[in-house]
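Just so we're aligned, residue 1 is where the sequence shown starts under the UniProt record's numbering, counting upward by one.
Using N, Cα and C, we set each Cβ at its ideal position, and we do this for glycine too.
Please read the structure below before turning to the comments.
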Amino acid sequence: MPDDIESRKRGLEVVASLGGQLMNVKKAAAMDSDSLSTDVAKIASGITKINEVLMLNEENQVIKNDKRFADSMNAFLKKAEIEIIRIQSRESNAFTKVKELTEYFHGNLSKEEAHPFRIFTIVREFLGVLDQVCKEVGKINERTIMSTVRQFPTTVNPAVHSPFPEFSAADGNESVTES
Numbered sequence: 001m002p003d004d005i006e007s008r009k010r011g012l013e014v015v016a017s018l019g020g021q022l023m024n025v026k027k028a029a030a031m032d033s034d035s036l037s038t039d040v041a042k043i044a045s046g047i048t049k050i051n052e053v054l055m056l057n058e059e060n061q062v063i064k065n066d067k068r069f070a071d072s073m074n075a076f077l078k079k080a081e082i083e084i085i086r087i088q089s090r091e092s093n094a095f096t097k098v099k100e101l102t103e104y105f106h107g108n109l110s111k112e113e114a115h116p117f118r119i120f121t122i123v124r125e126f127l128g129v130l131d132q133v134c135k136e137v138g139k140i141n142e143r144t145i146m147s148t149v150r151q152f153p154t155t156v157n158p159a160v161h162s163p164f165p166e167f168s169a170a171d172g173n174e175s176v177t178e179s
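Okay, here's the thing in structure tokens:
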């Protein structure tokens with residue numbers, strides 16, 4: 001029986017830890033897919049605008065400081081363009097995987113097309129319910145263990161007699177004798 005109780009306790013701990021292990025799912029549930037796409041597009045648009053400013057600057061180059069500025073901005077642009085391409089690729093891969101996951105669980109992807117991250121919201125809500133249930137089951141288990149301990153008291157050393165036998169009567173019907 002103690003092994004069974006310990007197994008249940010450990011199993012409950014494992015299940016209860018799922019919420020912590022899936023913290024990224026909770027964060028993804030808070031994201032808005034439209035704003036994510038819009039932000040990436042804005043960054044790409046900003047890079048294009050910087051490129052245009054540099055081209056205009058090269059056409060009207062008068063001061064040497066402008067040359068240093070242009071060189072530093074060109075170096076920045078090269079790094080930024082590579083990073084933007086990498087981000088767009090990761091965004092595309094992420095959306096593809098989210099769509100595959102949504103299709104797997106919902107079957108008909110067309111219903112969920114407008115809200116691709118909704119699956120994460122569902123999982124987040126499930127984890128909240130799971131966490132609450134684990135807490136309640138843990139409390140119930142603690143109460144069960146405590147009541148079991150009270151029902152079956154054990155003596156430390158059964159060979160040693162109680163110093164007050166009248167208080168430890170087994171059936172409770174024995175009368176207390178006065179001397």
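| request: For the alpha helix (DSSP H) containing Asp-32, list its first residue and its last residue. | output: By 1-based counting over the sequence shown, the position of residue 32 is 32. No alpha helix (DSSP H) holds Asp-32; DSSP gives it neither H nor E.
| query | Glu-100 to Val-25, Cα distance in whole Å? | reply | Residue mapping note: residue 100 aligns to position 100 of the sequence shown, counting from 1. Residue mapping note: residue 25 aligns to position 25 of the sequence shown, counting from 1. Using only the alpha carbons, I get a separation of about 16 Å.
| said: Going by DSSP in three states, Asn-60 sits in which element: helix, strand or coil? | reply: One-based indexing of the sequence shown puts residue 60 at position 60. Three-state DSSP puts Asn-60 in coil, outside helix and strand.
| query | Mind checking whether Ile-82 and Ile-47 have CB atoms under 8 Å apart? | reply | Working through the sequence shown from its first residue, we reach residue 82 at position 82. Working through the sequence shown from its first residue, we reach residue 47 at position 47. No, Cβ-Cβ distance for Ile-82 and Ile-47 is not below 8 Å.
| Which value, in whole angstroms, describes the spacing of the CA atoms of Ile-119 and Asn-57? | For the purposes of this step, residue 119 is taken as the residue at position 119 of the sequence shown. For the purposes of this step, residue 57 is taken as the residue at position 57 of the sequence shown. Each residue's alpha carbon lies about 48 Å from the other.
| said: Can you list, in chain order, the residues of its chain with a C-beta nearer than 6 Å to that of Val-123? Leave out the 5 residues immediately preceding and following it. | reply: Locating residue 123 in the sequence shown gives position 123, counting from the first residue. Closer than 6 Å at Cβ, skipping near neighbours: Val-25.
| message | Less than 8 Å between the beta carbons of Gly-11 and Leu-130, yes or no? | response | Position 11 of the sequence shown, counted from the first residue, corresponds to residue 11. Position 130 of the sequence shown, counted from the first residue, corresponds to residue 130. Cβ distance not < 8 Å, so Gly-11 and Leu-130 don't count as in contact.
| request: State the start and end residues of the unbroken alpha helix (DSSP H) segment that holds Gly-20. | output: By one-based count along the sequence shown, residue 20 stands at place 20. Unbroken alpha helix (DSSP H) run through Gly-20: 18-21.
| field | Spatial distance of Ser-92 from Glu-13 (CA atoms) | value | Reading the sequence shown from its first residue, position 92 is the one you call residue 92. Reading the sequence shown from its first residue, position 13 is the one you call residue 13. Near 36 Å, if we compare the C-alpha coordinates of Glu-13 and Ser-92.
| Roughly how far, in whole angstroms, is the beta-carbon of Ala-28 from the beta-carbon of Leu-54, given that I think they are within contact range, below 8 Å? | By one-based count along the sequence shown, residue 28 stands at place 28. By one-based count along the sequence shown, residue 54 stands at place 54. Not quite, the Cβ-Cβ distance comes to about 37 Å (not below 8 Å), so this is no contact.
| request: May I ask you to report which of helix, strand or coil DSSP gives His-106? | output: Here residue 106 is taken as the residue at index 106 of the sequence shown, counted from 1. Three-state result, His-106: helix.
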